[in-house]
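Notes follow the structure.
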Ligand SMILES: N[C@@H](CCC(=O)NCCCC(=O)O)C(=O)O
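Residue numbers (my numbering): 41 to 299.
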């Protein structure tokens, strides 16, 4: 990558878009809480990347960026991506976002671009590394219910749900100075087979993988199953995660400017 003029004051972070119909029109959208957490928690400038699907080289945009955020989404990764059984009838999918995410992940890792992956994004990162997903983690024997109460108010849905334990010697212990944290939980899918090269960082009490890093990646690459973007400034753990991501984006940006 060539030198970049020192004109941009803050790192620029790409945010993968969901493609959703609003009436008869497709929109490319990212939840405001993710964009706000990048601004308030990471100190970077977010820019939404379109998910047009096949034929659009979204990974080509990474050359202009200092980081990548894969957000959560109500839609599920298409099971064909990990040779899984068909989804239950009525499951929401987003094939254009699948195309974007599965183009972006290998390109970002190759560049050493800092990557933060949340919920659906965490699941995408696992699948992109050759892993697979359970489609209903609460149906595993002895499992916790990891999805939200669909009828509850949003504040309750994103409220504390269960503990996670951070692996000794791992990044999350180092960043937070804690061995455990209480997290929210709004997902039905989850890690089944862990992708190659992923190192587990956090586990739920029922053994579900809740966070990982790409072990040999040249840059910051963290995936979490929970939602640290929710009210990011109210949680020291969430601020630690977004702050570390922002620092990695700043370091990447400086390295690029130095050429
Ligand atoms: N559909 C997947 C992923 C769940 C997920 O990302 N939820 C977030 C919902 C909206 C948001 O907060 O952005 C699953 O069910 O596991």
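Yeah, the Cβ is synthetic: ideal placement off N, Cα and C, and Gly gets one too.
Considering only the beta carbon of each residue, do residue i and residue j sit closer than 8 Å?
i           : j           : result
residue 243 : residue 252 : no
residue 165 : residue 124 : no
residue 207 : residue 250 : no
residue 136 : residue 91  : yes
residue 183 : residue 246 : yes
residue 102 : residue 144 : yes
residue 88  : residue 55  : yes
Which same chain residues, not among the five before or five after residue i, have their C-beta less than 6 Å away from its C-beta?
i           : result
residue 279 : 81
residue 78  : 53, 84, 86
residue 262 : 156, 253
residue 277 : 216, 221
If I measure Cβ to Cβ from residue i and keep anything under 7 Å in the same chain, skipping five residues before and after, which residues do I get?
i           : result
residue 138 : 117, 118, 121
Can you tell which of the options has the C-alpha that lies nearest to the C-alpha of residue i?
i           : options            : result
residue 230 : 61, 256, 264       : 264
residue 285 : 227, 195, 224, 211 : 211
residue 254 : 289, 152, 295      : 152
residue 187 : 226, 290, 267      : 226
residue 35  : 193, 70, 142, 189  : This structure does not reach residue 35, given that the chain is present from 41 up to 299, and the question cannot be answered.
residue 267 : 194, 234, 105, 106 : 194
residue 109 : 198, 290, 57, 275  : 57
residue 197 : 270, 283, 236, 60  : 270
residue 288 : 275, 257, 276      : 257
residue 114 : 104, 158, 76, 149  : 158
residue 162 : 235, 185, 215, 199 : 235
Report buried or exposed for residue i, applying the criterion of at least 16 other Cβ atoms within 10 angstroms of its Cβ.
i           : result
residue 65  : exposed
residue 74  : buried
residue 94  : exposed
residue 294 : exposed
residue 59  : buried
residue 273 : exposed
Is there contact here, the segment 125-132 with the segment 177-185, by at least three beta-carbon pairs under 8 Å? By the C-beta criterion, the segment 125-132 is judged not to be in contact with the segment 177-185, since fewer than 3 inter-stretch pairs fall below 8 Å.
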